[in-house]
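Numbering of the sequence shown is given in the numbering used here, commencing with residue 284 and proceeding in unit increments. Shown next, in structure tokens, is the structure this report addresses.
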Amino acid sequence: MTKPLIGITASAIDHRGPAYGEVYALTRQYAEGVVRAGGVPVIVPYNLDEDALRVLFDRIDGLLLSGGGDIDPASYGEPTHPATSNIEADRDRVELVLARWVVEKEKPFLAICRGIQVLNVALGGTLVQDIPSEVPDALEHSFERGIVERDYHAHPVKIAADSRLAQVMQTEIVQTNSWHHQAIKQAASKLKVTAYAPDGVIEAVEVPGRRFAIGVQWHPEWMFEDQPEMLRLFEGLVEASGVNG
Ligand code: MN
Numbered sequence: 284m285t286k287p288l289i290g291i292t293a294s295a296i297d298h299r300g301p302a303y304g305e306v307y308a309l310t311r312q313y314a315e316g317v318v319r320a321g322g323v324p325v326i327v328p329y330n331l332d333e334d335a336l337r338v339l340f341d342r343i344d345g346l347l348l349s350g351g352g353d354i355d356p357a358s359y360g361e362p363t364h365p366a367t368s369n370i371e372a373d374r375d376r377v378e379l380v381l382a383r384w385v386v387e388k389e390k391p392f393l394a395i396c397r398g399i400q401v402l403n404v405a406l407g408g409t410l411v412q413d414i415p416s417e418v419p420d421a422l423e424h425s426f427e428r429g430i431v432e433r434d435y436h437a438h439p440v441k442i443a444a445d446s447r448l449a450q451v452m453q454t455e456i457v458q459t460n461s462w463h464h465q466a467i468k469q470a471a472s473k474l475k476v477t478a479y480a481p482d483g484v485i486e487a488v489e490v491p492g493r494r495f496a497i498g499v500q501w502h503p504e505w506m507f508e509d510q511p512e513m514l515r516l517f518e519g520l521v522e523a524s525g526v527n528g
């Protein structure tokens, strides 16, 4: 069997600074998870026009929407909160289109962190723009980068027993890392909420009835070395993507 081709979206934000010119930036761990699961990763440039994007989309067997900055709140009809940051217009455009297509065409996908938010907004949902200022008694969902380890267990997540997510991860309680200050507010009607943090923050969604159509708010790409249930997310994506590949 040919190895499935998994498109992974990228960012324009280069932490080395503007002296290096424009970049397609992607934390390697996302691609590493796909490789480890038996897939072939391909980075999706954020500035493709829709025709080019369609060519790429038609070739990939599955899609991984990666983490990143905040989505322009105009996409879901709200004014920008002062804490909303790192908006990338090109990336928003490309990912919102891809998220709609991937659901429409029933291709397998895994949406991580910003990815779950893109998915929700693409399908008509809204976001909490800043958890600390909008969710009463919220837990800590975001930590100081470079100080706290990327796989730090921030909070547990309770997964719905009847979800595809619980089936894939083979568990209903999981300890997750947490690197987000935004979250799903109103879930899109096509999405089923499948997991919550103890403070009520939505941590996972899926499109019911699909082989693999899952979004998670945490970062499994930093946890699969030590937690096999996290690797199973990548394996589930690659396996489902290979069915028609
Ligand atoms: Mn969290």
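Ideal Cβ positions, reconstructed from N, Cα and C, are used throughout, including at glycine. Here the structure is a predicted model, which is why all the values come from computation and not from measurement.
Within the same chain, Cβ atoms closer than 6 angstroms to the Cβ of H424 are found at I414, S461, H463, the five residues on either side in sequence being excluded. Shown here, Q312 sits in a helix according to DSSP, grouped into three states. For V484, the Cβ falls inside the 7 angstroms cut-off from some heavy atom of the ligand MN. Where F426 is concerned, there is no enclosing alpha helix (DSSP H), because DSSP gives it neither an H nor an E. Taking one beta carbon from each stretch, the region 396-405 and the region 378-386 have 3 or more pairs nearer than 8 angstroms; the two touch. Annotation: the continuous beta strand (DSSP E) that includes L346 extends over 345-348. For I414, the enclosing alpha helix (DSSP H) stretches over residues 414-417.
Rounded to whole angstroms, the separation of the alpha carbons of V457 and A478 is 10 angstroms. Apart from sequence neighbours up to five positions away, the residues of its chain that approach V317 with a beta-carbon distance below 8 angstroms are I289, I291, V323, P324, L347, F517, L520, V521, ordered along the chain. For the set I296, P287, F340, Y313, the Cα lying nearest the Cα of G321 is the one of P287.
P324 has I289 as its beta-bridge partners, per DSSP. The C-alpha of V338 lies about 14 angstroms from the C-alpha of G345. Contact check for V380 against L336 passes: the beta carbons are separated by less than 8 angstroms. Around the beta carbon of A480, 16 or more other beta carbons sit within 10 angstroms, so the residue counts as buried. In the DSSP assignment, I399 falls within the alpha helix (DSSP H) that extends over 397-405. V526 and E512 have their C-alpha atoms spaced approximately 21 angstroms apart. Judged by their CB atoms, L410 and I467 are nearer to each other than the 8 angstroms cut-off.
The beta strand (DSSP E) runs lying completely inside the region 346-392 and spanning 3 residues or more number zero. Take the alpha-carbon of L474 and the one of S349: they are about 18 angstroms apart. In the structure shown, Q450 adopts helical secondary structure according to DSSP, grouped into three states. For G519, the uninterrupted alpha helix (DSSP H) segment begins and ends at 511-525. The region 428-495 contains, as complete beta strand (DSSP E) runs of 3+ residues, the segments 438-442, 456-459, 475-479, 485-489 (chain order). Beyond the five residues adjoining it in sequence on each side, I442 comes within less than 8 angstroms, by CB distance, of L448, A449, M452, T454, E455, I456, V457, T477, A478, A487 in the same chain, given in chain order. Annotation for A480 indicates a beta carbon within 7 angstroms of some heavy atom of the ligand MN. An exposed status is given to D420, since fewer than 16 other beta-carbon atoms sit within 10 Å of its beta-carbon. Taking 7 angstroms as the cut-off, one finds at least one heavy atom of the ligand MN near enough to the beta carbon of A437.
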